[in-house]
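Please read the structure below before turning to the comments.
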Amino acid sequence: MASIRKILIANRGEIACRVMRTAKQLGIQTVAVYSQADAGAPHVAMADQAVLIGPGPVGQSYLVAEKILQAAAQSGADAIHPGYGFLSENADFAKAVEKAGLTFIGPTGESIDLMGNKAAAKRRMIEANVPCVPGYEGKDQSDEVLIAEGEKIGYPIMVKAAAGGGGRGMRLVEKSADLANAITAARSEAENAFGSGELILEKAIVKPRHVEVQVFADTHGNIVHLGERDCSVQRRHQKVIEEAPCPVMTPTLRDAMGAAAVEAAKSINYRGAGTVEFLLDASGAFYFLEMNTRLQVEHPVTEEITGLDLVALQIKVAEGGQLGMTQDDVRLSGHAIEVRLYAEDPSNNFLPSTGLVSLFSQLARPGVRYDTGIVSGQEISPFYDPMIAKLITYGDNREAARKLMIEALHETALFGPRTNRDFLIACLENDKFTSGDFSTAFIAEEFGADGHKEADVEGRDLAVLALRHFLFDQQNVVRKSLGMPAALLNFSAADMLRTPYRLEVKDTIYDVVVATRAAGAYQISVGEESFAVTVRSTRDARVEMIIDEQTIASHASMAGATLFVSYLGRSLTAVNLLALNAANSDASDGRSVLAPMHGRVIDVYVAAGDDVSIGDRLATVEAMKMQHEILAQIDGTVQDVLVIKEQQVAADDLMISIAAEED
Ligand code: MV4
């Protein structure tokens, strides 16, 4: 096979960027495909060429095989890398790519087909002496046979859709009386979801660990395993934390699981990167679950402990090259942990969260790796997976990697959409996780049904929020060149001036006053409480402050009037309601009421001729799902109302004009 000169990546986000990074290192040209919603996405900017393939919805873009093939033809690509998800495990697509004379960077369509059916895969694995969960994977799907087989297996039983995967169409049956109904329900669910009602039955393994083995095969009969990954920290079959090696692995068990995984791949004449998933029970017994015929999301932890570039190996194998190593050459060293950053709200049932990323800043430190496809200023659209970035840390041992990950997460700011960052920190700090003694039930057992409970907002939190607001205000003073040095804002030789803040935090309004004692030293009062705060250092979005003798590193960004802040593993937003009004009065002492930001007018409470007093509500503007009250800054009479309910306004649009009382 000829060497690959130009790869089209049939994917988006972090994995498209990941594949392109290696392609570039190898001197291979890259072609991105993108939907209209992704026109500004990093994977498009990173590619040598980019082809628009349709509107945002995946059914009209990334999932349409013909559009991908057309883009490949049009751009002159000679190979396609499918990434994960989308078309990566679509056997027809793999076959169509090869039929078009292109190289599919992945296994054959036949391998994908075979592993796509759990019953067929399991029959083949049993033949190859790969340990499988005892069960029934026969072709006779009659109720009588399934029920009789179920009784033989014993309870609890897992009923699984043969065409399902990743936990979809799965049912746990505790007792004999429930089996018949479970079969009927699972069959109809599977028919609806996968177009096939075929089922398999398995003995249910109680609280297993999910341990998977990375395998790699070339087309010359060479095959190795690259050790295992533990992916037990999952939430509703979505992986959250992965690590390599598995915390409870022993050399003997690794050899046995590795040999089983290699046997599995050999038995189907596999080529390229593959992952053999096992359940590992408390006694150390392991069972084949399924084989994923693609590069996986969590491949970086394997790269970190083997020192290999799995994408480079995939390309080498796809070009017909030799793996160039034997099992003895594979050395595992150190420990790697990966966390998945999701744009979702752990305090609100993990609902996906969208919106503009106002800031994405990373920790640059040896042993810390980010695989991402997002940048500051990018819109997170609702069309795609909420997994927007991966963070990988590497250390000499598990504890070093875990501690580094906690530090890296504290130093990672991802503002705009809600994210699971704080939940990840809580998982990593959990005693069970720290001990390494956990199972696939970890999140359910340790965090329960409600997910992540956020701490209450306390005085110290409000002091941090108010100070960050104040520091942004100072910057604005400098930026607008109002002729006052920043350090003098809120400071006078004669008296200690006080800047009031009215902060809206989690739907509650708090009054906070920042008083400057000296440059960089503040007294911040929140109700009855008062906090002495000193700014220790400032670097870009990061400010380290000392509050009542505790040092706090904070990150913040301002989007419109919304301040995003994170510190001590917490993330909060705070809108300063007074700043909104101050902005309005900037130009004309309150006579011209300007829109504080781009948004929608929710309501207008005054009409021309109305008398208003300072603090009266004039209108409400909604921006970024938050409502902002526009208050009168002066006493006077409304002269003009230039906006109506439901109208869109841009920042600084004139909304209302007021004639001041003294005019
Ligand atoms: C099981 C099981 C227990 N016993 N099969 C879930 C995802 C799919 N790949 C298979 N899954 C399971 N199959 C038997 N016979 C428990 C699970 C399971 C699980 C597996 C891996 C990772 C997380 C999981 C969470 C719940 C259940």
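Using my numbering, you'd call the opening residue of the sequence shown number 17 and step up by one each time.
Ideal placement from N, C-alpha and C gives every residue a C-beta, glycine not left out.
| Item | Value |
| --- | --- |
| State the Cα-Cα distance for the pair ASP668 and ALA611, rounded to the nearest angstrom. | 5 Å |
| How should LYS406 be labelled, buried or exposed, when 16 other C-beta atoms within 10 angstroms of its C-beta is the threshold for buried? | buried |
| Look up GLN230 in the DSSP assignment and say whether it is helix, strand or coil. | strand |
| Using a threshold of 9 Å, state whether the C-beta atoms of THR698 and GLN230 are closer than that. | No statement about residue 698 is possible, as the shown extent of the chain runs from 17 to 679 and does not include it. |
| What residue range does the beta strand (DSSP E) around VAL637 cover? | 633 to 639 |
| If we require 4 or more residues per run, which alpha helix (DSSP H) segments fall completely within the segment 556 to 590? | none |
| From the DSSP output, which residues share a beta bridge with PHE376? | LEU430 |
| Can you pull every residue whose C-beta falls closer than 5 Å to some heavy atom of the ligand MV4, listed in chain order? | VAL149, MET174, GLY183, GLU218, ALA220, ILE221, HIS226, GLN250 and THR456 |
| Across which residues does DSSP place TYR386 in a beta bridge pair? | LEU407 |
| I need the straight-line Cα distance from GLY499 to PRO516, nearest angstrom please. | Confidence at GLY499 is low in this model, with a pLDDT of 43, below 50, so its placement is unreliable and the value that follows should be read with caution. Those two C-alpha atoms are separated by around 22 Å. |
| Would you kindly work out how many angstroms separate the C-alpha atoms of ALA416 and GLY323, rounded to a whole number? | 18 Å |
| Is DSSP giving ALA352 helix, strand or coil here? | strand |
| Would you say VAL317 and ILE31 are within 9 Å of each other, going by their C-beta atoms? | no |
| Does the Cβ of GLU662 have 16 or more other Cβ atoms within 10 Å, making it buried, or fewer, making it exposed? | exposed |
| Quick check on CYS148: does DSSP put it in helix, strand or coil? | strand |
| When the Cα atoms are used, what is the spatial distance from LYS223 to PRO368? | 28 Å |
| Distance, Cα to Cα, CYS247 vs GLU293? | 10 Å |
| Shortest alpha-carbon distance to ASP412 belongs to which of GLU320, ASP271 and THR428? | GLU320 |
| Tell me which residue opens and which closes the alpha helix (DSSP H) that SER248 is part of. | Run containing SER248: none in the alpha helix (DSSP H); it sits in the beta strand (DSSP E), 239 to 251. |
| What is the DSSP secondary structure of ILE121, counted as helix, strand or coil? | coil |
| Report the CB separation of PHE109 from LEU103 in whole angstroms; it is logged as a contact under 8 Å. | 4 Å |
| On the three-pair Cβ rule with 8 Å, is the segment 269 to 277 touching the segment 63 to 71? | no |
| Could you have a look at GLY652 and say whether DSSP puts it in helix, strand or coil? | strand |
| What are the start and end residues of the alpha helix (DSSP H) that includes LYS661? | Per DSSP, LYS661 belongs to no alpha helix (DSSP H) and is neither H nor E. |
| Tell me where the beta strand (DSSP E) around THR260 begins and ends. | For clarity, residue 260 is Ala in the given sequence; the question names Thr instead. Element bounds for ALA260: 254 to 260. |
| So, under 8 Å CB-CB, MET421 and ILE353 are touching, yes? Tell me the CB distance rounded to an integer number of Å. | 5 Å |
| What would DSSP say about ALA680, mapped onto helix, strand or coil? | Past the boundaries of the shown model lies residue 680; the chain is included only from 17 to 679, so the question cannot be answered. |
| Exposed or buried, which one is GLN90 when buried takes at least 16 other CB atoms within 10 Å? | exposed |
| Starting from the Cα of GLY288, find the closest Cα among GLY300, THR268, GLY336 and THR653 and give me that residue. | GLY336 |
| What did DSSP end up calling GLN394 once you bin it into helix, strand or coil? | coil |
| With DSSP run on the structure shown, which of helix, strand or coil describes LEU670? | strand |
| So the candidates are ALA95, ASP345 and ASN285; which of them puts its Cα closest to the Cα of LYS22? | ALA95 |
| Can you check which of these residues, ILE408, LEU217, ASP129 and ASN145, is closest to GLY170 by C-alpha distance? | LEU217 |
| How far does the alpha helix (DSSP H) with LYS83 in it reach, from first residue to last? | 81 to 91 |
| What does a CB cutoff of less than 6 Å around ALA537 pick up in its chain, not counting 5 residues either side in sequence? | THR550 |
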